[in-house]
Amino acid sequence: MAPQRPIIIDCDPGQDDAVALLVALGSSELDIIGITAVAGNVPLKLTETNARKVCELANRTEIKVFAGHDAPLERPLVTAEDVHGRTGLDGPDLPEPTMKLQEAHATAFIINSLREHPARSVTLCPLGPLTNIAAAIEAAPDIISRIEEIVLMGGANFERGNVTPAAEFNIYVDPQAADIVFSSGVPITVMSLDVTHQALTTTERIAAFRSLGNPAGLATAEMMEFFARFDSEKYGTAGAPLHDPCVIAYLLQPDLFSGKMVNVEIETESELTMGMTVVDWWNVTNRPANAKFISTVDDDGYFNLLTERIGLL
Ligand code: BDR
Ligand code: CA
Numbered sequence: 001m002a003p004q005r006p007i008i009i010d011c012d013p014g015q016d017d018a019v020a021l022l023v024a025l026g027s028s029e030l031d032i033i034g035i036t037a038v039a040g041n042v043p044l045k046l047t048e049t050n051a052r053k054v055c056e057l058a059n060r061t062e063i064k065v066f067a068g069h070d071a072p073l074e075r076p077l078v079t080a081e082d083v084h085g086r087t088g089l090d091g092p093d094l095p096e097p098t099m100k101l102q103e104a105h106a107t108a109f110i111i112n113s114l115r116e117h118p119a120r121s122v123t124l125c126p127l128g129p130l131t132n133i134a135a136a137i138e139a140a141p142d143i144i145s146r147i148e149e150i151v152l153m154g155g156a157n158f159e160r161g162n163v164t165p166a167a168e169f170n171i172y173v174d175p176q177a178a179d180i181v182f183s184s185g186v187p188i189t190v191m192s193l194d195v196t197h198q199a200l201t202t203t204e205r206i207a208a209f210r211s212l213g214n215p216a217g218l219a220t221a222e223m224m225e226f227f228a229r230f231d232s233e234k235y236g237t238a239g240a241p242l243h244d245p246c247v248i249a250y251l252l253q254p255d256l257f258s259g260k261m262v263n264v265e266i267e268t269e270s271e272l273t274m275g276m277t278v279v280d281w282w283n284v285t286n287r288p289a290n291a292k293f294i295s296t297v298d299d300d301g302y303f304n305l306l307t308e309r310i311g312l313l
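Numbering (this note's numbering), first residue to last: 1 to 313.
Next comes the structure, spelled out in structure tokens:
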């Protein structure tokens, strides 16, 4: 068997974060060395609890879950209960977790893990606001050269914004953190709304999760049904963009995706466009490329992969 790829998933579950966690938990190519929670879709207490609920749903109580920052670096927390429900994981009825939260702070765990593992072996997978990752970089700049890659969900170019006309939720919630990450020099791959808006749930795709017949498949179907109602109404589509699992799918099957290296800068000053990812798609500046910006996905291949992996749980 090929060596497993060590990853840290930093998340704010969130139904789509939860599906990303399930897909990763069902994938033997990945070694999840820890899951770190951040405030985002709902407050931190709920996101860390939800991460543990998902591990228990997958019978993976040995996974280490850490709580991180409960607010963005500089701005007040903005949450998204309108999308995700009061708990962040509305839909299935998942029991309160019995597995313990780790004592260390998420940021300390990220720093220590990167220092303990061989340089350029650990991939960071942020699925929420970038607060924990930026705080780790600020506190311990030596980790910058030790990160293999950051594959994140956030931002938008042609699709513009989903929480404001200009900004995507994860970047909008903590633009200062995003600025630190995008300026860090770490290799970054970006799963933005441009690609996640091609990865829409449908009645058939949700039915395929349900028909897996395992608890994770059933919970995924219930989460997607809840999650889809908001976006179907908003966008007039049959389903909802299944954002965060794009990050895990890219690690598993990068040939499902295409994109190009571009310069991405983060708006941190104008309130009107706060958190906008300013993407130099046509290379009209001389600013150096700092991210691989993904723009297409084979959506059938994507949903087949997610269904297959959740079926293994
Ligand atoms: C992102 O925002 C959150 O609501 C989702 O979990 C996803 O990470 C999409 O803009
Ligand atoms: Ca998320």
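Each residue gets a CB set at the ideal place from its N, CA and C atoms; glycine is no exception.
Is the beta carbon of G335 sitting closer than 8 Å to the one on A106? Residue numbering for the chain in the displayed model covers 1 to 313; residue 335 lies beyond these limits and cannot be assessed.
Taking 7 Å as the cut-off, is the CB of L22 close to at least one heavy atom of ligand 2? It does not: the Cβ of L22 is nowhere closer than 7 Å to a heavy atom of ligand 2.
Just to confirm, is the Cβ distance from V78 to V173 under 8 Å? Result yes, Cβ atoms of V78 and V173 sit closer than 8 Å.
Is the beta carbon of T61 closer than 8 Å to that of G88? Cβ atoms of G88 and T61: not closer than 8 Å.
Answer with buried or exposed for F120, where buried requires no fewer than 16 other C-beta atoms within 10 angstroms of its C-beta. The sequence as given places Arg at residue 120; Phe does not occur at that position. With fewer than 16 Cβ atoms within 10 Å of its Cβ, R120 is classed as exposed.
With respect to the beta strand (DSSP E) encompassing S295, which residues constitute its N-terminal and C-terminal limits? Residues 291-297.
Looking only at its chain, what residues have a beta carbon closer than 6 Å to the beta carbon of I150, apart from the 5 residues adjacent to it on each side? If we look at I150 and ignore the five residues flanking it on each side, its Cβ neighbours are L124, V186, I188.
Pull up the DSSP beta-bridge partners for E149, would you. Per DSSP, T123.
With burial defined as no fewer than 16 other Cβ atoms inside 10 Å of the residue's Cβ, what is the status of A139: buried or exposed? Burial call: exposed.
Determine which residues share a DSSP beta bridge with T131 and list them. T131 is not bridged to any residue.
Give the list of continuous beta strand (DSSP E) stretches no shorter than 3 residues that lie fully inside the segment 2-37. Entirely contained in the segment 2-37, the beta strand (DSSP E) runs reaching 3 residues are, in chain order, 5-11, 30-37.
Distance check for L57 and P215, CA to CA, integer angstroms please. Roughly 7 Å separates the two Cα atoms.
Let me know the secondary structure DSSP gives K45 once reduced to three states. Reduced to three states, the DSSP call for K45 is helix.
Span separating the alpha-carbon of P72 from that of V54: When rounded, the distance between both Cα atoms is 24 Å.
Nearer than 7 Å: is that true of the beta carbon of F169 relative to any heavy atom of ligand 1? Distance from the C-beta of F169 to the nearest heavy atom of ligand 1 is below 7 Å.
V247: first and last residue of the uninterrupted alpha helix (DSSP H) it sits in: That run of the alpha helix (DSSP H) goes 245-252.
In three-state terms, what does DSSP make of V264? If DSSP states are grouped into helix, strand and coil, V264 belongs with the strands.
Please report the straight-line C-alpha distance between A291 and T285, rounded to a whole angstrom. Answer to the nearest angstrom: the Cα atoms are 15 Å apart.
Whole beta strand (DSSP E) runs in the segment 39-85 with 3 or more residues, listed along the chain? For the segment 39-85, whole beta strand (DSSP E) runs of length 3 or above, ordered along the chain, are 65-67.
Could you check if A80 belongs to the surroundings of ligand 1, using beta carbon to heavy atom distance under 7 Å? Under cutoff, so the answer is yes.
Excluding the five sequence neighbours on either side, which residues of its own chain have a C-beta within less than 7 Å of the C-beta of H197, listed in chain order? The beta carbon of H197 lies closer than 7 Å to those of E159, P241 in the same chain, with the five residues before and after it left out.
Sort out for me which residues DSSP pairs G259 with in a bridge. Answer is I294.
Touch test, the segment 237-254 against the segment 189-208, Cβ-Cβ under 8 Å, three pairs minimum: Judged by Cβ distances under 8 Å, the segment 237-254 makes contact with the segment 189-208, as three or more pairs qualify.
Where do the ends of the beta strand (DSSP E) carrying V278 lie? Run containing V278: 277-279, per the beta strand (DSSP E) assignment.
At a cut-off of 7 Å, is N41 close to ligand 1 when judged by its beta-carbon and the heavy atoms of the ligand? At least one heavy atom of ligand 1 lies closer than 7 Å to the C-beta of N41.
List the endpoints of the continuous alpha helix (DSSP H) containing I188. That residue, I188, is in no alpha helix (DSSP H); its beta strand (DSSP E) goes 188-191.
Work out the CA separation of G26 and I206 for me, nearest whole Å. In a straight line, the C-alpha of I206 is about 18 Å away from that of G26.
Thinking C-alpha only, which one of A18, A166, L130 is nearest T273? It is A166 whose Cα lies nearest to the Cα of T273.
By Cβ distance below 7 Å, which residues in the same chain neighbour F293 in space, the five residues on each side in sequence not counted? So the qualifying residues of the chain are N157, V190, S192, G259, K260, V262, V264, V279.
Please give me, in chain order, every unbroken run of the alpha helix (DSSP H) with length at least 4 that falls completely inside the segment 192-228. Within the segment 192-228, the complete alpha helix (DSSP H) segments at least 4 residues long are 193-196, 203-210, listed from N- to C-terminus.
Buried or exposed: which applies to I137, given that a residue is buried once 16 or more other Cβ atoms fall within 10 Å of its Cβ? Under this definition I137 is a buried residue.
Closest to P6 by CA distance: which of E148, T36, P95 is it? Residue E148 is the option with its Cα nearest to P6.
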